[in-house]
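Undergrad: In full-length UniProt numbering, the protein residues as written are 1 to 469.
In this text, a Cβ means the ideal position worked out from N, Cα and C, and glycines have one as well.
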Amino acid sequence: MWAMAIVTLGVGMAALGYLLFRTMEYRIVEWRKKLPPGSMGWPYIGETLQLYSHSPNSFFAAKQRRYGEVFKTHILGCPCVMIASPEAARFVLVSQAHLFKPTFPASKQRMIGPQALFFHEGAYHAKLRKLVVSSFTPDGIRGMVSDIEDLALATLNSWEGQKVNTFMEMKKFSFKVGILKIFGSREKLDMDDLNESYLTLEKGYNSMPINVPGTKYNKSMKARRHLSKIIGKVISERRERGEGDNEGPNFLGTLLAHKDEKGGRLSHEQMVDNIIGLIFASRDTTASVLTWLIKFLKSSPALLDSVTAEQESVRQQKSSLDYKLTWEDMKSMRLTTRVIQETLRVATILSFTFREAVEDVEYKGYIIPKGWKVLPLFRNIHHSPEFFPEPHKFDPSRFEVPPKPNTFLPFGNGMHSCPGSELAKLEMLVFIHHLTTKFRWDFDESKTGVQYSPFQVPQEGLPIRVERK
Ligand code: HEM
Ligand SMILES: *[C@@H]1O[C@H](CO)[C@@H](O)[C@H](O)[C@H]1NC(C)=O
Ligand SMILES: *[C@@H]1O[C@H](CO)[C@@H](O)[C@H](O)[C@H]1NC(C)=O
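The following block contains the structure:
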């Protein structure tokens, strides 16, 4: 009884001492260096509770109103500096990018694959990035228009007369497009097996990283092992067939064909981690944006009419009923392209990204200490009335003139910017063409909520009812 009380008291004192120590520590650091303004909240717990009790977006916006474009805070156990101006974003992502490295929790790196390019910097990152970029340039993806179109049509035809969950359906669509680009159209894959393993892996992504049997994390790691085995089998088969890329310009072909100056090839793990990494980077991002696109279009009837008219005029240039879209058709979809840009701006599904200062960095007289996280806040920039007047209005015409440099960063900027942006846009254009020319859809307009899964999507993933026109 007494022993218990003493132990409790002791633990209490130690905790209090620790809190005081952490408070002092920050005071001293603050006194010595010129940190950006901002409040660090309670030591250790920092402002994490505030972050989660508000929506993250209003949390950052309120901070920015109070402290300006660069401010410090303390979330998830890390002191960090948030930046919310185009100029600061350019500093961190482009001009001084070598002073800021990517940073992800180790548990997430293990789950996606530690060798995936986005965890890296320097020579390894540059090598892998070159392979990814070359595979996803306009020339690398123009041959995919027909295959993407078939997938879009199959999806849409399955919606006829149904009530469907838009986000779930878009996840399936972008997953299939991703698999197609990675493996090529002729690879015979067990899609169900791939799909199931990937779904299990994903379920554990935001779970507590406790790797004992029965936990979500452990199940995810197991699914990852299985996924790695499936991909490994494809790699071995292709190697046996002679490595070369004789099945069209798919990403695995590019990886298999790669040789460095000394003739060295990528390892099995490097290929597997980068393939899982690409699925991860491409699926929910594209699916979230497509879901918002379908919502925004329907929410402005006049705009939907204009987009439909633009798509009808593409169709009218075709002679047969079962026509095929071409890469050139995409260029004539000018209004639709602006609608996609405006969707990327308004929805900003990647609200921010993370970097870590590799040394003490000075920015505009402030010190960003080594080891601190730095978060460029894309959403705040996209929603600033200074760069986008009436920022909450959905108005694609604002993209009739190009946005000012570094004010529009839906795909990031600099050496870690998104290599998949062209593919994502192609998927959306093709999908919108067939959706607007052949179908009508509606949803419960009273449901205006937003959910995080993990990117922002409309409430419940936007259930819609679909009819053929
Ligand atoms: C509309 C859909 C998409 C959006 C909004 C998006 C957004 C982004 C953003 C903002 C970044 C930069 C992150 C940072 O700087 O920390 C990024 C990186 C990346 N994205 Fe995307 N992305 C999309 C689709 C795709 C697709 C389809 C692919 C498939 C190739 C892809 C592959 C990647 C990869 C591999 C990286 C990391 C690049 C590196 O670290 O060098 N993304 N994406
Ligand atoms: C993947 O599996 C889920 C759940 O079993 C299913 O609903 C979905 O249609 C599958 N997706 C693909 C791309 O096969
Ligand atoms: C699951 O947990 C057990 C016990 O910690 C561990 O030995 C095993 O490797 C884990 N499974 C995976 C796939 O990581």
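1) Distance, Cα to Cα, L426 vs E386?
2) Once the 5 residues before and after L131 are set aside, which same chain residues still bring their CB inside 7 Å of it?
3) Mind checking who M82 pairs with in its DSSP beta bridge?
4) Expressed to the nearest angstrom, what Euclidean distance is found between the alpha-carbon atoms of I112 and F439?
5) Span of the beta strand (DSSP E) holding F173?
6) With respect to 7 Å, is the separation between the Cβ of H392 and the closest non-hydrogen atom of ligand 1 below this value?
7) Would you mind listing the alpha helix (DSSP H) stretches within the segment 283 to 371 that are 4+ residues and don't spill past its ends, in chain order?
8) Within 10 angstroms of its Cβ, does S351 collect 16 or more other Cβ (buried), or is it exposed?
9) I need the boundaries of the alpha helix (DSSP H) containing P138, first residue and last residue.
10) Around the C-beta of P37, are 16 or more other C-beta atoms found within 10 angstroms, so that it is buried, or is it exposed?
11) What is the rounded straight-line gap between the Cα of V358 and the Cα of V92?
12) Measure the alpha-carbon distance for V94 versus L290 and round it to whole angstroms.
13) Hey, would you say the C-beta of D192 is under 7 Å away from at least one heavy atom of ligand 2?
14) State whether the segment 262 to 269 contacts the segment 300 to 312, with contact taken as three or more CB pairs (one from each stretch) at a distance under 8 Å.
15) Please indicate yes or no: does the CB of residue 486 lie closer than 7 Å to some heavy atom of ligand 3?
16) Within 10 angstroms of the Cβ of E169, are there 16 or more other Cβ atoms? Answer buried if so, exposed if not.
17) When the Cβ atoms of the segment 170 to 179 are set against those of the segment 201 to 217, are three or more pairs found closer than 8 Å?
18) From the DSSP secondary-structure annotation, give me the bridge partner or partners of P402.
19) For K469, does the three-state DSSP call read helix, strand or coil?
20) Could you check what DSSP says for D147 in three-state terms: helix, strand or coil?
21) In its own chain, which residues sit with a C-beta less than 8 Å from the C-beta of I235, not counting the 5 before and 5 after it?
22) Let me make sure I understand the geometry here. Which of N206, R224 and S185 has the alpha-carbon closest to that of E196?
23) Can you find a heavy atom of ligand 3 that lies under 7 Å from the Cβ of P209?
24) Any heavy atom of ligand 1 inside 7 Å of the beta-carbon of I349?
25) What residue does the beta strand (DSSP E) around F251 start on, and which one ends it?
26) Would you call the CB atoms of E342 and R398 closer than 8 Å?
27) Count the other C-beta atoms from every protein chain shown that fall within 10 angstroms of the C-beta of Y452, then say buried if there are 16 or more, exposed otherwise.
28) Taking 7 Å as the cut-off, is the beta-carbon of G277 closer than that to any non-hydrogen atom of ligand 1?
29) Cβ of N218 versus every heavy atom of ligand 3: is any distance shorter than 7 Å?
30) Consult DSSP for Q451 and reduce its assignment to one of helix, strand or coil.
31) Should V70 go down as buried or exposed, given a rule of 16 or more other Cβ atoms within 10 Å for buried?
32) Quick one: Cα of P463 to Cα of Y363, how far?
33) Would you grab the beta carbon distance between I349 and T285 for me? Rounded to a whole angstrom, and I think it's under 8 Å.
34) Give every residue of the same chain whose Cβ lies closer than 7 Å to the Cβ of H433, excluding the five residues on either side of it in the sequence, and list them in chain order.
35) Do L377 and I83 have their C-beta atoms within less than 8 Å of each other?
36) Please classify K393 as buried or exposed, where buried requires at least 16 other C-beta atoms within 10 Å of its C-beta.
TA: Concretely, from the data shown:
1) For L426 and E386, the distance between alpha carbons rounds to 30 Å.
2) Excluding residues within five positions, the ones whose Cβ falls inside 7 Å are T254, L255 and H258.
3) The secondary-structure analysis by DSSP pairs M82 across a beta bridge with F71 and L375.
4) Within the model, the alpha-carbon separation for I112 versus F439 is close to 37 Å.
5) It is not in any beta strand (DSSP E) - F173 instead sits in the alpha helix (DSSP H) that spans T166 to F183.
6) In this structure, the C-beta of H392 stays at least 7 Å away from each heavy atom of ligand 1.
7) The qualifying runs are 301 to 316, 327 to 331 and 334 to 347.
8) Buried.
9) In this chain, the alpha helix (DSSP H) harbouring P138 covers P138 to I141.
10) A residue is called buried when at least 16 other Cβ atoms come within 10 angstroms of its Cβ; P37 does not meet this threshold and is exposed.
11) One C-alpha to the other measures close to 12 Å.
12) Straight-line Cα distance between these residues: approximately 28 Å.
13) Flag set: Cβ of D192 near ligand 2.
14) Between the segment 262 to 269 and the segment 300 to 312 there are fewer than three C-beta pairs closer than 8 Å, too few to call the two in contact.
15) Any property of residue 486 remains undetermined from this structure, which presents the chain solely from 1 to 469.
16) Classification of E169: buried, given that the 10 Å Cβ count is 16 or more.
17) Flag = no, the segment 170 to 179 and the segment 201 to 217 do not touch.
18) Per DSSP, none; premise fails for P402.
19) Coil, per DSSP.
20) The answer is helix: DSSP assigns D147 an H, G or I state.
21) Answer for I235: L252, L256, H268, M271 and V272, listed in chain order.
22) Comparing alpha-carbon positions, the option among N206, R224 and S185 lying closest to E196 turns out to be R224.
23) Outside the cutoff, so no.
24) Distances from the CB of I349 to the heavy atoms of ligand 1 include at least one below 7 Å.
25) Premise fails: F251 lies in the alpha helix (DSSP H), F251 to A257, not in any beta strand (DSSP E).
26) Taking 8 Å as the Cβ cut-off, E342 and R398 qualify as a contacting pair.
27) Within a 10 Å sphere around the beta-carbon of Y452 sit fewer than 16 other beta-carbons, which makes this residue exposed.
28) At least one heavy atom of ligand 1 is nearer than 7 Å to the Cβ of G277, so yes.
29) Answer for N218: yes, Cβ within range of ligand 3.
30) Annotated three-state conformation of Q451 is strand, per DSSP.
31) The residue is buried, with at least 16 neighbouring Cβ atoms inside 10 Å.
32) Cα to Cα, the separation comes out at about 46 Å.
33) Contact holds; Cβ gap of about 6 Å.
34) Excluding positions up to five away in sequence, the list reads Q311, V314 and L325.
35) If you check the CB distance, L377 and I83 come in under 8 Å.
36) A residue is called buried when at least 16 other Cβ atoms come within 10 angstroms of its Cβ; K393 does not meet this threshold and is exposed.
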